[in-house]
Amino acid sequence: MRRSDLGEFEEVVLLAVAALSPKAYSVMIAEELERETGNSVSTGAVHAALQRLEQKGYLTSQLGEATAERGGRRKRLFTVTALGGRVLSDVRAVRNRLWDRIIPNIRLEWS
Amino acid sequence: MNPRPIEPPRWATHLLHLFLPDHRAEELEGDLNELFQQRIHEVGVAQARWRYVRDVASLLRPSLIKREQYDYHRPTNTTMLRNYFKVAFRNLTKYKGYSAINIAGLATGMAVALLIGLWVWNEFAYNKGYANYDRIALVMQNQTFDDGVKTWTGQAMQLGPELKSSYGSHFKYVATAEYPGNHLLMLGTKKITSIGNFMEPDITEMLALKMLKGTRSGLTDPSSILLSETTAKSLFGDTDPLNKTITLDKKWAVKVTGVYADLPANSTFQELTFIAPFALKKKDLPEWLGWGNSWFQTFVQIADNTTMETVSVAIKDAKLNKVKNSDDARFKPVVFLLPMSRWHLYSEFKEGINVGGQIQYVRLFSLIGFFVLLLACINFMNLSTARSEKRAREVGVRKAIGSVRQQIMLQFFSESLLIVCISFVLALLFVVLCLPAFNAVANRHIAMPWSNPLFWIVAIGFSLFTSFIAGSYPAIYLSSFQPVKVLKGTFRVGRFAALPRKVLVVIQFTVSITLIIGTLIVFQQIEFAKNRPVGYSRANLVSIPIRSDALITRFATFRDELLNTGVIEEVAATDSPVTNTGVTNSGFDWRGKIPNSADEFVTLRVTHEFGKMVNWQIKEGRDFSKEFTTDSTGFVLNEAAVAYMGLKKPIGEIVKWGDQSFKVIGVVKNLITQSPYDPVRQTIFVINYKRLNLITFKINPTKSASEALAKVETIYKRYDPDNSFDYKFVDQEYAKKFGEEERIGKLASFFAILAIFISCLGLFGLASFVMEQRTKEIGIRKVMGASVSNLWQLLSKDFVLLVIISLFIAIPATWYYMQNWVQQYTYHTEISWWIFALSGFGALLITLLTVSFQSVKAALMNPIKSLRSE
Chain A
1 MRRSDLGEFE
11 EVVLLAVAAL
21 SPKAYSVMIA
31 EELERETGNS
41 VSTGAVHAAL
51 QRLEQKGYLT
61 SQLGEATAER
71 GGRRKRLFTV
81 TALGGRVLSD
91 VRAVRNRLWD
101 RIIPNIRLEW
111 S
Chain B
1 MNPRPIEPPR
11 WATHLLHLFL
21 PDHRAEELEG
31 DLNELFQQRI
41 HEVGVAQARW
51 RYVRDVASLL
61 RPSLIKREQY
71 DYHRPTNTTM
81 LRNYFKVAFR
91 NLTKYKGYSA
101 INIAGLATGM
111 AVALLIGLWV
121 WNEFAYNKGY
131 ANYDRIALVM
141 QNQTFDDGVK
151 TWTGQAMQLG
161 PELKSSYGSH
171 FKYVATAEYP
181 GNHLLMLGTK
191 KITSIGNFME
201 PDITEMLALK
211 MLKGTRSGLT
221 DPSSILLSET
231 TAKSLFGDTD
241 PLNKTITLDK
251 KWAVKVTGVY
261 ADLPANSTFQ
271 ELTFIAPFAL
281 KKKDLPEWLG
291 WGNSWFQTFV
301 QIADNTTMET
311 VSVAIKDAKL
321 NKVKNSDDAR
331 FKPVVFLLPM
341 SRWHLYSEFK
351 EGINVGGQIQ
361 YVRLFSLIGF
371 FVLLLACINF
381 MNLSTARSEK
391 RAREVGVRKA
401 IGSVRQQIML
411 QFFSESLLIV
421 CISFVLALLF
431 VVLCLPAFNA
441 VANRHIAMPW
451 SNPLFWIVAI
461 GFSLFTSFIA
471 GSYPAIYLSS
481 FQPVKVLKGT
491 FRVGRFAALP
501 RKVLVVIQFT
511 VSITLIIGTL
521 IVFQQIEFAK
531 NRPVGYSRAN
541 LVSIPIRSDA
551 LITRFATFRD
561 ELLNTGVIEE
571 VAATDSPVTN
581 TGVTNSGFDW
591 RGKIPNSADE
601 FVTLRVTHEF
611 GKMVNWQIKE
621 GRDFSKEFTT
631 DSTGFVLNEA
641 AVAYMGLKKP
651 IGEIVKWGDQ
661 SFKVIGVVKN
671 LITQSPYDPV
681 RQTIFVINYK
691 RLNLITFKIN
701 PTKSASEALA
711 KVETIYKRYD
721 PDNSFDYKFV
731 DQEYAKKFGE
741 EERIGKLASF
751 FAILAIFISC
761 LGLFGLASFV
771 MEQRTKEIGI
781 RKVMGASVSN
791 LWQLLSKDFV
801 LLVIISLFIA
811 IPATWYYMQN
821 WVQQYTYHTE
831 ISWWIFALSG
841 FGALLITLLT
851 VSFQSVKAAL
861 MNPIKSLRSE
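From first to last, the protein sequence lines stand for chains A and B. Residues 1 to 111 in the UniProt record's numbering are what the first sequence lists, from first letter to last. Residues 1 to 870 in the UniProt record's numbering are what the second sequence lists, from first letter to last.
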């Protein structure tokens, strides 16, 4: 199997795109991430991540409609591609398998 | 109505657009705007602005800035550049004549600039081969005589030790030395004569000799010798010279204690093929040598923590303190240092002040080189702009298709770069071909520094610079055309469009005429000095140095033998060559002398027949004669000496020299024995048969010189079998006095001719363009009845006017500067009007010839041909 080249931040961004689909665009993604993680997320970081993901073929984009609040500028809407979806479920599968192997007692001690 | 929305900081948005590709900037700006509007409500305007800026900063990351090529197809720069070069090449080959003129002119200019650059570089590199270059100095002295301050390189042999003992803290090394000369080296029966010097051991450290064998300290042994690699090789071949004994000048047996790598070329000591200890020579020197005998050189290397200036000031009175109680105090000797960096370029002194020297010529030629290159660049500019009308359409079409001005400029710059590259290659070729001839004239050994990276950096920089200068005017001018006008055909070059071109032509001709006039004046000055009455005849005189004592002790028999051959008319001996009297003496006393004044005379020790041989002209009294035994205490003075001493009736006057009395027996007309540009100095001729250094003889003019020399040589060999027979023709030695000026004159005239050549090339090209433009006009004029001579006048008038303007600028400027130049010679020519008239006339003539070729051609053209088309 090909080694997954998905960084942690990229994975979160990719997940956010999937969750917000079909209205996922950068501002909304950043807001969503801030809300979910509680940390501030810079626009630049989100953009860079989106661009990388698009280059890797996990995302596609098209330009959406212009709105007044954006000063008449169009937004770029992102959707997860089939490849992106497969990578996400691969990653999730790996994690799940590892989670399942943790002995229940240890898990109790953490919380 | 909505209130006007609050805007985010505009500069930040600009920044975004400046750095990010267009397609992304739009989308990102939208994002940021949205966030901004939200934040105004959430956190207030100020905070929102601040966050906006921060977001912009966070977006300016390399991964986002990178412009992607697949989004928009951008025409690559190389495609366009290739197109520029293609068009340039097509233009070159289409107008072959103009291209040839352009390239030839530029190549000549560059070659001249290159040659001069190499020469200047070589001049500045002089002596730089020594490791202690900036620490070494020669000790000089200024002495005040009645007729001014004289600067000498010579020092007393006592000065070196005195500097060491009393001023030791200022110096690292001090070395007294003789003046270099020819000496005889013998190994068994093998003899070679080579240039060497007697120097104190410190010199080896000072010059940081690279020892191939032995050590630098080898010279401390008083009967040792250090040989250069070349000398060692020619004397010993492949055998090891170390610790072998050789004979020096047949006097001293010396042991070879070291072999040093040949000293750097292009330096003061380049010819030093051996160094012998000064101690060896010192034993042979007369005991009476004192502080007054400045016969030696003193080299020093200053201490590491001090500067030339401080040391120079500190040792100022080193000699004066020692001669306080003697006669020499009158001359107020001031000792100072001349740093090695100034030996070559700043070696001339006037009234004790450094007045430059060779540096003058370096400056002069740098200026000439710059001007010649400028002329070539002007040519290029003029020809390009003159062709502008032809290329106006091209510029129009390019602009209409979408070229912006910068691209057009780039095109013309690349075009000029192409021409410059071609010219540069040609110039290099030209320089390589010219270098041997140039070296011969300039008396240098300059090689092309092919392997020097600096040379290439400079050469490439120089080409870029030239193409920038040469291409700037066409690039700016041509790119400013408006496409609408050009393509519609209403484009007309304005009345003043040709003005800059005319100004450039005037500059060109001003420079050329200045160079021509300057050169003519240099030659006039040389000619003037050559025509000065010399006061003696130099024809058929040959001199040989005395290197063997036998020639002095048996001079009379030697003379008789020579006379007996029948090919020699007269023989005499002197202590310095008559063409270059270097010995001066002071301490004379005569009736009417101002007490304690600092007198100085040139003295020439001669044998009785000297006057007869050189055919001097007796003005009063009589020549030396063997019939009067008292003549051994007789003086013959020159006119200058009589005037200097203020004698009314010189004959019979008694002159005291030290404690000896001499009687003046004759006065001769002035003999030029020193610089032909300076007044003749007061000179005393005195009989002496001991202190003689060279023999001069006069060959019978009816006999052949080579036959006579062969006969003299056989006799000479009997007296001095070891040394080679080196003879010099006195008239050639005299001619050498003009060598420097003649060399400058030759080089300057060469460059002046090139300058005028380049200017004419430019004019030729320009004229042909003007004629081409006016073809129709000429056709109509001819149809209307204009004659050929009318047309010729009309067409040539413009150019002649330009040359006349340049004449009016060049003549006063040259007159002013050359007047200054000529003034520096005491004996100088008056700058005569005919030089200006001649060069003005010449310039006009050349212009007319150049232009007429084109204008006559245009005037003779059949009007039917020129009017038929359209």
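Using N, Cα and C, we set each Cβ at its ideal position, and we do this for glycine too. These numbers come from a predicted model, not from an experiment.
Subject >> CB contact flag (A68 (chain A), R74 (chain A), <9 Å) >> reply: In the first sequence, counting from the first residue as 1, residue 68 (chain A) sits at position 68. In the first sequence, counting from the first residue as 1, residue 74 (chain A) sits at position 74. No, the pair does not count as a contact, with Cβ atoms beyond the cut-off.
**OP:** Report yes or no: is there a C-beta of chain B within less than 9 Å of the C-beta of S21 (chain A)?
**Re:** Taking the first residue of the first sequence as position 1, residue 21 (chain A) is located at position 21. Chain B contact via Cβ: absent.
**OP:** Would you give the residue range spanned by the beta strand (DSSP E) that K255 (chain B) belongs to?
**Re:** The residue labelled residue 255 (chain B) in the question sits at position 255 within the second sequence. First-last of the beta strand (DSSP E) with K255 (chain B): W252 to Y260.
Original post:
So, is A437 (chain B) buried or exposed, given that buried needs 16 or more other C-beta atoms within 10 angstroms?
Top reply: The sequence position of residue 437 (chain B) within the second sequence is 437, counting from 1. Burial call: exposed.
Original post:
Hey, L285 (chain B) and T247 (chain B): beta-carbon distance below 9 Å or not?
Top reply: On the second sequence, position 285 is the one that residue 285 (chain B) refers to. On the second sequence, position 247 is the one that residue 247 (chain B) refers to. No, these two residues do not count as a Cβ contact at 9 Å.
Original post:
Relative to the C-alpha of T696 (chain B), which residue among B:E733, B:E200 and B:E741 is closest?
Top reply: Taking the first residue of the second sequence as 1, we reach residue 696 (chain B) at position 696. Answer by Cα proximity: B:E733.
**OP:** Compare the C-beta of N382 (chain B) with all C-beta atoms of chain A and state if any pair is closer than 9 Å.
**Re:** Here residue 382 (chain B) refers to the residue found at position 382 when the second sequence is read from its first residue. No, no contact with chain A.
Original post:
Does any C-beta atom of chain A lie closer than 9 Å to the C-beta of G30 (chain B)?
Top reply: Taking the first residue of the second sequence as position 1, residue 30 (chain B) is located at position 30. Closer than 9 Å: yes.
Original post:
Do we get a CB-CB distance below 9 Å when we pair E34 (chain B) with the residues of chain A?
Top reply: Residue mapping note: residue 34 (chain B) aligns to position 34 of the second sequence, counting from 1. For E34 (chain B), the answer is yes, since a Cβ of chain A falls inside 9 Å of its Cβ.
**OP:** Look at the alpha carbon of E742 (chain B) and the alpha carbon of N293 (chain B), and state the distance between them as a whole number of angstroms.
**Re:** Here residue 742 (chain B) refers to the residue found at position 742 when the second sequence is read from its first residue. Here residue 293 (chain B) refers to the residue found at position 293 when the second sequence is read from its first residue. Those two C-alpha atoms are separated by around 35 Å.
Original post:
Helix or strand or just coil, what does DSSP make of W295 (chain B)?
Top reply: For the purposes of this step, residue 295 (chain B) is identified with residue 295 of the second sequence, where counting begins at 1. In the structure shown, W295 (chain B) sits in coil (DSSP, three-state: anything other than H, G, I, E or B).
**OP:** Compute the Euclidean distance between the alpha carbons of I684 (chain B) and K213 (chain B), then round it to the nearest angstrom.
**Re:** Locating residue 684 (chain B) in the second sequence gives position 684, counting from the first residue. Locating residue 213 (chain B) in the second sequence gives position 213, counting from the first residue. Whole-angstrom Cα-Cα distance: 50 Å.
**OP:** Determine the chain B residues that contact K56 (chain A) at a beta-carbon separation under 9 Å, and present them in chain order.
**Re:** The count along the first sequence starts at 1 and reaches residue 56 (chain A) at position 56. Under the 9 Å cutoff, chain B gives no residues; its nearest Cβ is about 13 Å from K56 (chain A).
**OP:** Please report the residue range of the beta strand (DSSP E) in which P339 (chain B) lies.
**Re:** By one-based count along the second sequence, residue 339 (chain B) stands at place 339. It spans V334 to P339 - the beta strand (DSSP E) in which P339 (chain B) sits, taken as one unbroken run.
Original post:
In chain order, which alpha helix (DSSP H) runs of at least 4 residues are fully inside the UniProt domain "ABC3 transporter permease C-terminal" (750-863) of chain B?
Top reply: 775-784, 788-823 and 833-860
Original post:
What residue from B:F628, B:I552, B:W252 and B:T189 has the CA that sits closest to T236 (chain B)'s CA?
Top reply: To locate residue 236 (chain B), count along the second sequence from 1; it is residue 236. Rather than Thr, the amino acid found at residue 236 (chain B) in this sequence is Phe. Nearest C-alpha to F236 (chain B): B:T189.
Original post:
How long is the line joining the alpha carbons of I378 (chain B) and K502 (chain B), rounded to whole angstroms?
Top reply: To locate residue 378 (chain B), count along the second sequence from 1; it is residue 378. To locate residue 502 (chain B), count along the second sequence from 1; it is residue 502. Going from the Cα of I378 (chain B) to the Cα of K502 (chain B) covers about 11 Å.
Subject >> Contact list for A45 (chain A) against chain B, beta-carbon separation under 9 Å >> reply: Along the first sequence, read from residue 1 onward, the residue named residue 45 (chain A) stands at position 45. Simply S58 and R61.
Original post:
What first and last residue would you give for the alpha helix (DSSP H) that runs through M186 (chain B)?
Top reply: Position 186 of the second sequence holds residue 186 (chain B). Segment G181 to L187 is the beta strand (DSSP E) holding M186 (chain B); no alpha helix (DSSP H) there.
Original post:
By the criterion of Cβ-Cβ separation under 8 Å, what are the contact partners of S89 (chain A) in chain B?
Top reply: The sequence position of residue 89 (chain A) within the first sequence is 89, counting from 1. Residues of chain B passing the Cβ test: none, with the nearest at roughly 27 Å.
**OP:** Tell whether a beta-carbon distance below 9 Å holds between K210 (chain B) and A261 (chain B).
**Re:** In the second sequence, counting from the first residue as 1, residue 210 (chain B) sits at position 210. In the second sequence, counting from the first residue as 1, residue 261 (chain B) sits at position 261. Cβ distance < 9 Å, so K210 (chain B) and A261 (chain B) count as in contact.
Subject >> Residue range of the beta strand (DSSP E) that includes I225 (chain B) >> reply: Here residue 225 (chain B) corresponds to residue number 225 of the second sequence, with the count starting at 1. That run of the beta strand (DSSP E) goes S224 to S228.
Subject >> Bounding residues of the alpha helix (DSSP H) (the contiguous stretch that carries D731 (chain B)) >> reply: Position 731 of the second sequence, counted from the first residue, corresponds to residue 731 (chain B). First-last of the alpha helix (DSSP H) with D731 (chain B): V730 to K736.
**OP:** Determine the burial state of L435 (chain B): buried for a count of at least 16 other Cβ atoms within 10 Å of its Cβ, exposed for fewer.
**Re:** Along the second sequence, read from residue 1 onward, the residue named residue 435 (chain B) stands at position 435. Buried, because 16 or more other Cβ atoms sit within 10 Å of the Cβ of L435 (chain B).
**OP:** Please name the residue, chosen from B:F274, B:A125 and B:T144, that lies closest to S194 (chain B) on a Cα-to-Cα basis.
**Re:** As a first step, residue 194 (chain B) must be located in the second sequence, where it is residue number 194. Of B:F274, B:A125 and B:T144, the residue nearest in Cα terms is B:F274.
Original post:
Between the Cα of V822 (chain B) and the Cα atoms of B:V335, B:Q270, B:F523 and B:F336, which residue gives the shortest distance?
Top reply: As a working note, residue 822 (chain B) is residue 822 in the second sequence. Ranking B:V335, B:Q270, B:F523 and B:F336 by Cα distance to V822 (chain B) puts B:F523 first.
**OP:** Use the C-beta contact count for S467 (chain B): other C-beta atoms within 10 angstroms, 16 or more gives buried, fewer gives exposed.
**Re:** As a working note, residue 467 (chain B) is residue 467 in the second sequence. Its Cβ being crowded by 16 or more others within 10 Å, S467 (chain B) is buried.
**OP:** Less than 8 Å between the CB atoms is what I'm expecting for L50 (chain A) and L59 (chain A), so what's the real figure, rounded?
**Re:** Numbered from its first residue, the first sequence carries residue 50 (chain A) at position 50. Numbered from its first residue, the first sequence carries residue 59 (chain A) at position 59. Indeed, because the Cβ distance is near 7 Å, the residues count as touching under 8 Å.
Original post:
Just reading off the alpha helix (DSSP H) that V522 (chain B) is part of, what are its end residues?
Top reply: What you label residue 522 (chain B) is simply residue 522 of the second sequence in a count that begins at 1. Here the alpha helix (DSSP H) through V522 (chain B) covers L499 to K530.
Original post:
Which same chain residues, not among the five before or five after E162 (chain B), have their C-beta less than 7 Å away from its C-beta?
Top reply: To locate residue 162 (chain B), count along the second sequence from 1; it is residue 162. Here the set comprises A318 and K322.
Subject >> P453 (chain B) classed as buried or exposed, judged by whether at least 16 other C-beta atoms fall within 10 angstroms >> reply: Taking the second sequence and counting its residues from 1, the one referred to as residue 453 (chain B) is at position 453. The residue is exposed, with fewer than 16 neighbouring Cβ atoms inside 10 Å.
Subject >> Terminal residues of the alpha helix (DSSP H) in which G44 (chain B) lies >> reply: For the purposes of this step, residue 44 (chain B) is taken as residue 44 along the second sequence, with counting starting at 1. Neither: G44 (chain B) is in no alpha helix (DSSP H) and is coded neither H nor E.
Original post:
L64 (chain B) touches chain A at which residues, Cβ-Cβ below 8 Å?
Top reply: Mapped onto the second sequence, residue 64 (chain B) falls at position 64. Result: G44, H47, A48 and Q51.
Original post:
Does the beta-carbon of S416 (chain B) have 16 or more other beta-carbons within 10 angstroms, so that it is buried, or is it exposed?
Top reply: Looking up residue 416 (chain B) in the second sequence gives position 416. Flag for S416 (chain B) reads buried.
Original post:
Is there a Cβ from chain A that is less than 9 Å from the Cβ of E42 (chain B)?
Top reply: Locating residue 42 (chain B) in the second sequence gives position 42, counting from the first residue. No, E42 (chain B) does not count as interfacial toward chain A.
Original post:
Does DSSP put Q617 (chain B) in a helix, in a strand, or in coil?
Top reply: Position 617 of the second sequence, counted from the first residue, corresponds to residue 617 (chain B). Looking at Q617 (chain B) - three-state DSSP - the assignment turns out to be coil, as it is neither helix nor strand.
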